[in-house]
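Structure first, commentary second.
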Amino acid sequence: MDYSRPSLADRLAAEYVLGTLHGPARRRFETLLPAHPALQQAVQHWQMRLAPLSLTAVPVQPDPAVWQALQQRLFGLPIEREPTRGEPLARPAVALAPPASWWQWLGLWQGLSGLALAAVVGLSLLLAQSQSVQPPVVVVLAANPDSGASAEMQNASFVLSLSADGRSLVLRPINAPALSATRAFELWAVPANGAPRSLGLVSGQDGATVRRSGLLQGTAAFAVSIEPAGGSPTGAPTGPIVSLGRLQI
Amino acid sequence: MAEEKHQRPSAADLDQLLARVSLGDRSAFSALYTATAPYLLGQIMRLQRNRGLAEDILQEVFVKVWRSAGSFDAARSQAQTWLASVARHNAIDSLRRQSSQPQIHSLSGIEDEDGEELDLLQKFAAEEPGPEQQWQQSADAESLRRCLRVLSNEQSQAMTLAFYQGLSYSEVAEHLRQPLGTVKSWVRRGLAALKTCLQQATG
Chain A
8 MDYSRPSLAD RLAAEYVLGT LHGPARRRFE TLLPAHPALQ QAVQHWQMRL
58 APLSLTAVPV QPDPAVWQAL QQRLFGLPIE REPTRGEPLA RPAVALAPPA
108 SWWQWLGLWQ GLSGLALAAV VGLSLLLAQS QSVQPPVVVV LAANPDSGAS
158 AEMQNASFVL SLSADGRSLV LRPINAPALS ATRAFELWAV PANGAPRSLG
208 LVSGQDGATV RRSGLLQGTA AFAVSIEPAG GSPTGAPTGP IVSLGRLQI
Chain B
705 MAEEKHQRPS AADLDQLLAR VSLGDRSAFS ALYTATAPYL LGQIMRLQRN
755 RGLAEDILQE VFVKVWRSAG SFDAARSQAQ TWLASVARHN AIDSLRRQSS
805 QPQIHSLSGI EDEDGEELDL LQKFAAEEPG PEQQWQQSAD AESLRRCLRV
855 LSNEQSQAMT LAFYQGLSYS EVAEHLRQPL GTVKSWVRRG LAALKTCLQQ
905 ATG
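Here you go:
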């Protein structure tokens with residue numbers, strides 16, 4: 008979406024808060040929201056405007072089982088009694104956080120300094136085993152019809168393959184039209200919170216290969232925007248975001 | 705979980721609790737739950753009437769609160785607004801999953817054919833003063849009510865159907881037996897008019 012058009016940003020924000028922004032449009036909106044301060048501001052203004060509408064709701068005391076299930080889910084505390092209502096199945100949370108995986112063991116091992124040698128041996132075993140079983144992650148960056156970009160960009164999509172250790176990725180364009188010499192595609196890692204990180208410029212013909220550590224850490228989505236030839240002058244996406252893919256692990 | 709009489713917490717208290725939650729403070733999380741869960745469940749149940757499903761949604765909301773409290777920006781937004789927004793969108797998602805055709809319930813005279821559409825709008829601002837004022841300054845509610853009244857009946861009806869029942873444009877259109885494009889235009893013009901009116905109200 009080209010949020011440099013304030014009228015579009017404000018309309019989408021209003022519809023988002025009202026609740027009429029649905030389906031893929033809303034998912035795209037929520038994925039891009041953290042990266043666009045102006046859009047966040049529009050959403051917050053609309054939330055404030057419509058907040059009084061929520062006043063009519065009559066409070067309802069939740070069943071104690073809800074709190075117990077929450078503690079169990081978040082903190083692993085035992086449930087004190089059998090829940091009476093259908094115990095909510097722990098739906099897999101949208102994978103915004105890295106999964107329980109071998110790298111989360113790093114901190115634990117490092118803490119046990121007395122066992123450093125054993126740790127190193129154990130860790131390398133873990134690494135060897137994990138790497139052999141963890142498949143690469145593939146993300147489809149679907150064309151964003153709301154980008155506000157030209158019609159020929161409406162089908163611009165990419166496929167991104169990311170090694171399981173998050174150290175390298177390969178991006179291949181699908182239907183990416185040629186850009187004029189003054190413009191370029193730029194690839195971004197979009198975090199759940201905070202500003203997107205540029206992963207560099209991308210060829211519309213050949214895509215790109217990126218080697219960098221921590222590509223998975225904190226990344227919620229990948230996006231491709233159109234920028235001036237040398238890349239975004241500000242360090243944040245400035246042009247329309249033509250393709251977007253959420254990272255699901 | 706203290707079973708206290710419903711006493712709406714002040715906005716500043718909630719902001720502080722949420723800030724502590726973002727730092728991983730479990731006791732603040734517990735206090736935030738105690739203070740807000742009944743209100744959020746009430747809001748969720750206005751959209752999702754099945755209590756078991758509504759409580760599942762409530763649980764999801766607080767999982768999200770625990771995990772992403774850090775993304776809440778107290779400088780720009782109020783905690784209660786943020787919480788209400790998370791609850792609302794989770795409830796709307798639940799309706800979408802449950803069925804593409806949520807049941808229509810009459811909440812007030814909104815379905816009457818005799819010009820009583822504003823009933824719902826009057827209701828929210830006619831809430832008795834008192835604790836409500838702590839939850840949200842009533843001046844805001846008064847401005848909003850006044851501005852909603854300047855909209856056309858069609859605009860306010862389409863907007864309140866969408867807001868209170870979580871209906872999509874096509875569902876609102878079906879409910880009002882109007883073309884989709886007409887309904888979209890009512891809502892969008894209504895929102896634009898509302899914004900203009902509220903901006904004038906606050907100067």
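These protein sequences, in sequence, are chains A and B. Mapping the first sequence onto our numbering, position 41 (from 1) lands on 48, and the numbers just tick up by one. Mapping the second sequence onto our numbering, position 119 (from 1) lands on 823, and the numbers just tick up by one. All residues carry an ideal CB built from backbone N, CA and C; glycine is no exception.
For the C-beta of Pro41 of chain A, the chain B residues within less than 9 Å are, from N- to C-terminus, Ser775.
In the three-state scheme derived from DSSP, where H, G and I count as helix and E and B as strand, Arg892 of chain B is classed as helix. With a cutoff of 9 Å on beta-carbon distance, Leu251 of chain A and Asn151 of chain A are scored as near each other. The beta carbons of Arg56 of chain A and Leu902 of chain B sit closer together than 9 Å.
The Cβ-Cβ distance between Ala20 of chain A and Val50 of chain A falls below 9 Å. With a threshold of 9 Å between beta carbons, Pro742 of chain B makes contact with chain A.
Beta-bridge annotation (DSSP): Thr226 of chain A is paired with A:Pro198. Chain-order list of chain A residues neighbouring Asp844 of chain B: Met55, Arg56, Ala58 and Pro59, by C-beta distance under 9 Å. Annotated three-state conformation of Arg800 of chain B is helix, per DSSP. DSSP places Thr27 of chain A outside both helix and strand once states are collapsed to three, so it counts as coil. In the DSSP assignment, the residues bridged to Thr216 of chain A are A:Val177. Within chain A, no C-beta atom comes nearer than 9 Å to that of Gly885 of chain B; the closest sits roughly 14 Å away.
Looking at the backbone, the Cα of Ala758 of chain B and that of His793 of chain B are separated by about 12 Å. Along the region 782-800 of chain B, the positions whose C-beta sits under 8 Å from a C-beta of chain A are Gln782, Gln784, Thr785, Trp786, Ala788, Ser789, Arg792, His793, Ile796 and Arg800, read in chain order. According to the DSSP secondary-structure assignment, Ile233 of chain A is paired through a beta bridge with A:Phe192. The Cβ-Cβ distance between Ala788 of chain B and Gln54 of chain A falls below 9 Å.
Contact check for Ala156 of chain A and Val231 of chain A: beta-carbon distance about 11 Å, past the 8 Å limit, so the pair fails to qualify. Trp74 of chain A has a beta carbon lying within less than 9 Å of a beta carbon in chain B. If you draw a 10 Å sphere on the C-beta of Gly894 of chain B, you find 16 or more other C-beta atoms in it, and that means buried. Look at Gly26 of chain A: its C-beta is under 9 Å from a C-beta on chain B.
In this structure, Leu848 of chain B keeps its C-beta atom at 9 Å or more from the C-beta atom of Ile796 of chain B. Around Ala64 of chain A, the beta-carbon contacts reaching into chain B at under 7 Å are Tyr743, Gly746, Gln747 and Arg750.
For Ala163 of chain A, the three-state secondary structure derived from DSSP is coil. Taking 9 Å as the cut-off, the beta carbon of Arg12 of chain A is found no closer than this to the beta carbon of Tyr23 of chain A. For the pair Ala76 of chain A and Met160 of chain A, the Cα-to-Cα distance works out to about 46 Å.
Between Ala735 of chain B and Leu721 of chain B, the beta carbon gap of about 6 Å places them in contact (Cβ cut-off 8 Å). Residue-level contact by beta carbon fails for Val725 of chain B and chain A, as no gap is shorter than 9 Å. Not a single CB atom of chain B sits nearer than 9 Å to the CB of Arg174 of chain A.
Boundaries around Val249 of chain A are those of the beta strand (DSSP E), Ile248 to Arg253, since no alpha helix (DSSP H) includes it. Between Gly774 of chain B and Asn162 of chain A, the gap from beta carbon to beta carbon reaches 9 Å or more.
Val765 of chain B and Leu186 of chain A have their alpha carbons spaced roughly 43 Å apart.
By the CB criterion at 9 Å, Pro203 of chain A and Ser168 of chain A fall outside the cutoff.
Secondary structure of Ala243 of chain A (DSSP, three-state): coil. The secondary-structure analysis by DSSP pairs Leu148 of chain A across a beta bridge with A:Phe165. The shortest CA-to-CA distance from Ala715 of chain B to any of B:Gly746, B:Thr785 and B:Asp844 is the one to B:Thr785. A straight-line Cα-Cα distance of about 46 Å links Arg755 of chain B and Ser220 of chain A.
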